[in-house]
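**Student:**
In full-length UniProt numbering, the protein residues as written are 1 to 113.
Given below as structure tokens:
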């Protein structure tokens, strides 16, 4: 299938998230290309919404960013759970573990009712 010449809205949204995370991590397109084995042109096409991500590309890109794939598909400004996931992403692992333990306790209390 030929590449799009106009961004597809959903692809553009994921592409913008990819770009946001890449820049946040201080990676150039070249550095991410090196980390993923993808070409700069292909990465640029992803970021501009001209190419749809498949599951394999999603995992490879997430690995190149040093993140779980989940974060490429969360849009913090659109949903409270995604916003919480974004806040958790920015915390050290030890703090995330504490929060998970508290959430587990709360969920268990709710399910016992």
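For glycine and all other residues, C-beta sits at the position ideal for the given N, C-alpha and C.
Computed from a predicted model, the values in this text were never measured in an experiment.
1. What does a CB cutoff of less than 6 Å around residue 4 pick up in its chain, not counting 5 residues either side in sequence?
2. Going by the beta-carbon positions, is the gap between residue 46 and residue 65 smaller than 8 Å?
3. Just the Cα atoms here: how many angstroms apart are residue 106 and residue 98?
4. Under the three-state reduction of DSSP, which class applies to residue 111: helix, strand or coil?
5. Determine the burial state of residue 62: buried for a count of at least 16 other Cβ atoms within 10 Å of its Cβ, exposed for fewer.
**Tutor:** So, from the listed chains and residues:
1. 50
2. no
3. 13 Å
4. helix
5. buried
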